[in-house]
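Step one of this worksheet: look at the structure below.
Below, the structure written as structure tokens:
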């Protein structure tokens with residue numbers, strides 16, 4: 017169980033155990049050293065998988081074509097792969113970060129897994145996609161740090177070196193995603209709030225900055241979402257909502 021299938025361009029070293037450049041028009045099976053996969057996180061050409069035992073293996077950009085088990089990433093319950101940075105929450109309640117986790121206000125690089133923030137609550141849930149700049153606590157509160165367009169405090173000049181609570185979200189947060197200068201949160205009431213410097217979906221121009229999380233004006237129950245240059249939301253009726261870039265016919 018938990019076998020991985022890949023298709024598309026294998027730009028080295030994208031697929032485990034495949035070192036040459038190839039194009040796969042149909043799904044191909046990745047050999048057994050990445051079996052028993054529980055979940056998967058992809059950021060560009062960096063690929064990480066959580067296996068059934070709770071350990072994390074990565075391959076691709078910065079690692080090589082063969083999967084490598086990450087030190088300190090064990091008994092993982094929630095995980096984010098931001099390409100240059102990784103974050104995880106563990107079964108014992110601890111959280112860890114490693115890599116280049118922040119560029120602004122000052123670069124912060126961690127060469128070993130640790131939790132560098134002493135004044136903020138630890139994560140219980142990380143974004144399924146995007147970097148580890150935001151997370152959800154065990155009480156459903158959303159915290160963000162670093163780049164001003166992501167932290168949702170209401171001040172576009174804010175650059176926070178410590179996680180701070182995002183403002184303006186009603187109810188418990190159950191999911192957070194980020195990408196392409198936009199972040200979105202989904203609440204337990206299945207409403208979406210977005211903010212940032214891109215297409216946040218509230219009818220403003222692409223170049224406008226939403227400094228506070230803004231509820232999207234669509235009367236639908238959202239079950240799942242994705243954020244980036246193009247944003248997607250899947251509602252309870254199985255309908256897919258789309259906003260943002262349509263340069264490649266995404267919407």
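In this note's numbering, the protein residues as written are 17 to 267.
In this text, a Cβ means the ideal position worked out from N, Cα and C, and glycines have one as well.
- Query: In this structure, does DSSP put residue 50 in helix, strand or coil?
  - Reply: To locate residue 50, count along the chain shown from 1; it is residue 34. Three-state result, residue 50: helix.
- Query: So, is residue 113 buried or exposed, given that buried needs 16 or more other C-beta atoms within 10 angstroms?
  - Reply: By one-based count along the chain shown, residue 113 stands at place 97. Residue 113 comes out buried.
- Select from 161, 92, 200 the residue whose C-alpha is nearest the C-alpha of residue 123. One-based indexing of the chain shown puts residue 123 at position 107. For residue 123, the nearest C-alpha among the options comes from 161.
- residue 238 and residue 188: beta carbons closer than 8 Å? Along the chain shown, one-based indexing puts residue 238 at 222. Along the chain shown, one-based indexing puts residue 188 at 172. Going by C-beta atoms, residue 238 is not nearer than 8 Å to residue 188.
- Which residue from 102, 254, 178 puts its Cα closest to that of residue 134? Here the question's residue 134 lines up with position 118 in the chain shown. Cα-wise, what sits closest to residue 134 is 178.
- Per-residue burial, residue 21 [other beta carbons within 10 Å of its own, 16 or more giving buried]: The count along the chain shown starts at 1 and reaches residue 21 at position 5. Its Cβ having fewer than 16 others within 10 Å, residue 21 is exposed.
- What are the boundary residues of the beta strand (DSSP E) that includes residue 191? The residue you call residue 191 lines up with position 175 of the chain shown. Looking at the DSSP string, the run of the beta strand (DSSP E) that includes residue 191 is 189-195.
- Got a sec, what are the start and stop residues for the beta strand (DSSP E) residue 113 sits in? Here residue 113 is taken as the residue at index 97 of the chain shown, counted from 1. Unbroken beta strand (DSSP E) run through residue 113: 111-118.
- Item | Cβ shell of residue 194 (< 7 Å), same chain only, five flanking positions each side left out | Residue mapping note: residue 194 aligns to position 178 of the chain shown, counting from 1. Cβ neighbours of residue 194 beyond the five flanking positions: 143, 146, 147, 149, 150, 166, 243.
- Query: Cβ atoms of residue 184 and residue 229: under 8 Å apart, would you say?
  - Reply: As a working note, residue 229 is residue 213 in the chain shown. As a working note, residue 184 is residue 168 in the chain shown. Contact flag set, yes.
- Query: Would DSSP call residue 131 helix, strand or coil?
  - Reply: Sequence index remark: in the chain shown, residue 131 carries index 115 (1-based). Of the three classes helix, strand and coil, the one that applies to residue 131 here is coil, per DSSP.
- Item | Buried versus exposed call for residue 164 [16 or more other C-beta atoms within 10 Å across all chains shown] | On the chain shown, position 148 is the one that residue 164 refers to. Confidence is the limiting factor: at residue 164 the pLDDT is only 47, short of 50, which leaves the residue's position unreliable and the question unanswerable from this model.
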